[in-house]
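Chains as they are written, first to last, in full-length UniProt numbering: chain A, 1 to 296; chain B, 1 to 217.
By construction, the Cβ of each residue, glycine as well, lies at the ideal position given by its N, Cα and C atoms.
What follows is a short report on a single structure.
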């Protein structure tokens, strides 16, 4: 070992006493590359910069890479055979062309065929108000103002609800209670941004039951879209509703930022992903869409 | 989401979902399949598990209308059986024009929520045969999945599918891609290993130099 380390040491010393750094050379001005002043080049550079600001994407070329809904379902049902249907869902990943630092798409959606229905809503509203009455009749699991704050503080890790909405009259009380630390990480803190502060508790609750929230992350929106036992028709309606809702969101943001849908990928809990081509019928005419709705 | 080119290479494995052991078309008189075995593989429950994982997806792909229910329990001492439900000749003759279309008819009578479904908590044991049905069972305990498949094919009289020349070609390409990937990986590993070794050497040299400098002071 000693010999190698000695050798290394000498080597290191050699490399340390390197030649002095060359002084900054001055290139004559006429030899330096001229800056492109043309308009065309400027535009090109801008476009390149714009591209750099966007999340990367690649458009499917369409030669055998895209599938009709029934084909994709056939593969996915084969991949999920023998799994308990309660633990398997169809999911959709929607790739969007978007800049990295712009506003993101985020909204709630009500599917014609809800995926699962375990929404339990808590309502923060002034005690004894009309809103409280609405919450009680609407089937909220917890409601009130001070009693709710106590409840949240006491068993923060075992809350009876998984959605929380707030009446506009209680917002100041909520902000004073300082629950942001408890509710924030759970994503339950009511705010205007998440569209959970309302004047009408009744309509908001009706909207929320069976509704799913989605948001864009790194240029993709993912959402569970159906139970594995859904028929192709049910699933297609859910997909259609979802895409329409996204398109509406995009057109609403048009003045601030422009986004495009690039591809729609159908997948399942344990299955591969299939880019949809918008078609419905299976390519194999021996398979009827009704065959894709049998018990799993 | 991975880019489409990359994902396409993964989708090549869809061929695996179509062709391989278990790619067979069942005769129309088979109404459903039911498998019953344990969650864990001890005591001879490995064969059924492998049959489920390797063969059943292909069977399901080629016979999408046939319900295939898997009921697993935590009881390893229990039996591992595969039940094949045959429609009797009279029932099968009822819909001879659309043999494939008539397959799920039996199960459309009851709503989907009440039908037996796959379970990991022994919720849906093999149902008794309905009227005009006959059951054939295969004992799967302590059996290899290949043996189970052979027995299954023989008892059902299924027609085994062979990949077409095009698909064979595609399979070969996928295989080539895999080999090429292995070579590329080894090249990359060597490059990274060399780089790391060099870095280590330099770091050690720098340390020694520092030590000598301190000693000289």
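Do you know offhand how far residue i's Cα is from residue j's?
i             : j             : result
residue 276/A : residue 18/B  : 19 Å
residue 118/B : residue 124/B : 7 Å
residue 293/A : residue 129/B : 22 Å
residue 200/A : residue 162/A : 19 Å
residue 197/A : residue 183/A : 15 Å
residue 237/A : residue 15/B  : 29 Å
residue 71/A  : residue 127/B : 30 Å
residue 140/B : residue 77/B  : 13 Å
residue 291/A : residue 75/A  : 13 Å
residue 131/A : residue 190/A : 16 Å
residue 239/A : residue 61/B  : 23 Å
residue 262/A : residue 195/B : 39 Å
residue 211/B : residue 190/B : 32 Å
residue 173/A : residue 77/A  : 50 Å
residue 289/A : residue 231/A : 8 Å
residue 204/A : residue 221/A : 23 Å
residue 153/B : residue 284/A : 23 Å
residue 206/B : residue 216/B : 15 Å
residue 46/A  : residue 72/B  : 60 Å
residue 146/A : residue 195/A : 22 Å
residue 215/A : residue 246/A : 10 Å
residue 44/A  : residue 248/A : 31 Å
residue 94/A  : residue 55/A  : 13 Å
residue 204/B : residue 184/B : 30 Å
Kindly list, in the order they appear in chain A, the residues whose Cβ is closer than 7 Å to that of residue i.
i             : result
residue 120/B : 84
Helix, strand or coil for residue i? Go by DSSP, reduced to three states.
i             : result
residue 152/B : helix
residue 299/A : Absent from the model: residue 299/A. The displayed extent of chain A is 1 to 296, so no value can be given.
residue 51/B  : helix
residue 56/B  : helix
residue 25/A  : Residue placement at residue 25/A is flagged as unreliable, the pLDDT there being 49, under the threshold of 50; a coordinate-derived value is accordingly withheld.
residue 95/A  : strand
residue 145/A : coil
residue 211/A : strand
residue 284/A : coil
residue 43/B  : coil
residue 11/A  : A caution first: residue 11/A carries a pLDDT of 46, below 50, which makes its placement in the model unreliable, though a value can still be read off. Helix at residue 11/A.
residue 297/A : Limits of chain A in this structure are 1 at one end and 296 at the other, which puts residue 297/A out of reach.
residue 192/B : helix
residue 256/A : coil
residue 107/A : strand
residue 66/A  : strand
residue 61/B  : helix
residue 131/B : coil
residue 78/B  : coil
residue 208/B : helix
residue 195/A : coil
residue 293/A : helix
residue 117/B : coil
Quick check on residue i - is its C-beta less than 7 Å from some C-beta in chain A?
i             : result
residue 115/B : yes
residue 41/B  : no
residue 70/B  : yes
residue 56/B  : yes
residue 17/B  : yes
residue 1/B   : At residue 1/B the pLDDT is 47, less than 50, meaning the model places this residue with poor confidence and gives no usable figure here.
Going along chain B, which residues have a C-beta under 7 Å from residue i?
i             : result
residue 297/A : Given that chain A is displayed from residue 1 to residue 296, the structure contains no residue 297/A and the question cannot be resolved.
residue 81/A  : 56, 57, 60, 68
Compare the C-beta of residue i with all C-beta atoms of chain B and state if any pair is closer than 7 Å.
i             : result
residue 97/A  : no
residue 215/A : no
residue 92/A  : no
residue 206/A : no
residue 167/A : no
residue 287/A : yes
residue 115/A : no
So with CB distances below 8 Å, who are the chain A contacts of residue i?
i            : result
residue 14/B : 75, 272
task: Say whether the region 24-34 of chain B touches the region 165-179 of chain B, bearing in mind that this needs 3 or more beta-carbon pairs closer than 8 Å, one atom from each stretch.
output: Not touching, per the Cβ criterion.
- prompt: Taking three-plus beta-carbon pairs below 8 Å as touching, is the region 96-107 of chain A in contact with the region 280-287 of chain A?
  reply: Look at the beta carbons and you see the region 96-107 of chain A not touching the region 280-287 of chain A: under three pairs across the two are nearer than 8 Å.
message: Below 8 Å, how does it come out for the region 36-49 of chain B and the region 145-159 of chain B: are there three or more Cβ pairs, yes or no?
response: Yes: at least three Cβ pairs fall under 8 Å.
query: So does the region 50-59 of chain B actually touch the region 77-94 of chain A, counting three or more Cβ pairs closer than 8 Å?
result: Cβ pair count under 8 Å is three or more, so yes.
message: Using 8 Å as the cut-off, can you tell me whether the region 77-85 of chain B makes contact with the region 129-141 of chain B, which would need three or more C-beta pairs spanning the two stretches below that distance?
response: Using a Cβ-Cβ distance cut-off of 8 Å, the region 77-85 of chain B and the region 129-141 of chain B are in contact, since at least three pairs of beta carbons, one from each stretch, lie closer than that value.
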